Amino acid sequence: MDTIERFRAAVEHRDADALEPLFAVAPRFFSPVKFRPFEGRELVLGVFGVLLRRVFEDFRYVGTLSGEAETDADEHADSHVLIFRATVGGRQIHGIDLIQLDEDGLISEFTVMVRPLSAVTTLGEAVHAGLVAEGLVPADA
């Protein structure tokens with residue numbers, strides 16, 4: 058099973074612990090509600106823990122696309138798009154996870170895009186509350 062298959066299985070089973078070996082040493086997570094990415098393994102894995110344990114209801118992947126794309130570091134990487142649907146705070150969310158793998162086949166960049174705007178707002182509030190509750194960011198961040 059490759060990194061993307063393992064990632065998908067871990068998320069669908071809400072197994073945040075199974076994600077750790079899938080990420081590069083210094084991954085970056087680009088959120089739809091934050092301008093700067095979350096950086097570093099501990100913080101990125103913490104974000105996933107919050108998403109899987111506190112935020113998403115009935116999360117499911119509904120499609121997959123693969124290819125190559127330029128990363129934020131102006132390099133070309135093995136890229137995958139996982140299309141998802143979920144509920145957050147009673148709002149239906151439709152989105153994609155754009156995953157860039159490094160030369161070792163580990164996740165180096167992860168970008169989430171969601172719609173509609175009302176769901177983005179609800180998602181942002183839920184994630185922030187979870188990150189504060191887990192002690193990963195200060196309440197005023």
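Under the working numbering, think of the first position of the sequence shown as 58, with each following residue one higher. Note that CB positions come from ideal geometry on N, CA and C, so glycine has one too. Nothing here was measured: the structure is a model prediction, and the numbers come from that model.
task = Report buried or exposed for D154, applying the criterion of at least 16 other Cβ atoms within 10 angstroms of its Cβ.
result = Here residue 154 refers to the residue found at position 97 when the sequence shown is read from its first residue. Answer is buried; the Cβ neighbour count reaches 16.
message = Whole angstroms are fine: how far does the CA of R98 sit from the CA of H8?
response = Since the displayed the chain opens at 58 and closes at 198, residue 8 lies outside it and no answer follows.
Beta-carbon proximity list for A176, same chain, < 6 Å, skipping 5 on both sides = Along the sequence shown, read from residue 1 onward, the residue named residue 176 stands at position 119. Contacts found: R148, I150.
task = Count the other C-beta atoms from every protein chain shown that fall within 10 angstroms of the C-beta of S165, then say buried if there are 16 or more, exposed otherwise.
result = Counting from 1 along the sequence shown, the entry for residue 165 is found at position 108. By the 10 Å Cβ count, S165 comes out buried.
task = Could you please give the first and the last residue of the uninterrupted beta strand (DSSP E) stretch that includes G124?
result = Here the question's residue 124 lines up with position 67 in the sequence shown. Here the beta strand (DSSP E) through G124 covers 114 to 127.
inquiry  = I'd like to confirm the pairing. Which residues does DSSP put opposite V138 in its beta bridges?
reply    = Working through the sequence shown from its first residue, we reach residue 138 at position 81. In DSSP, V138 forms a bridge with L122, L155.
inquiry  = I'd like the list of long-range same chain contacts for F87, defined as Cβ closer than 6 Å, with 5 residues on each side in sequence excluded.
reply    = Working through the sequence shown from its first residue, we reach residue 87 at position 30. Within the same chain, F87 has close Cβ partners P94, T168.
Rounded separation between A183 and M58 - CA only = Position 126 of the sequence shown holds residue 183. Position 1 of the sequence shown holds residue 58. Using only the alpha carbons, I get a separation of about 32 Å.
query = Taking just the CA atoms, how far does F92 sit from D197?
reply = In the sequence shown, the residue the question calls residue 197 occupies position 140. In the sequence shown, the residue the question calls residue 92 occupies position 35. Their backbone Cα atoms lie some 16 Å apart in a straight line.
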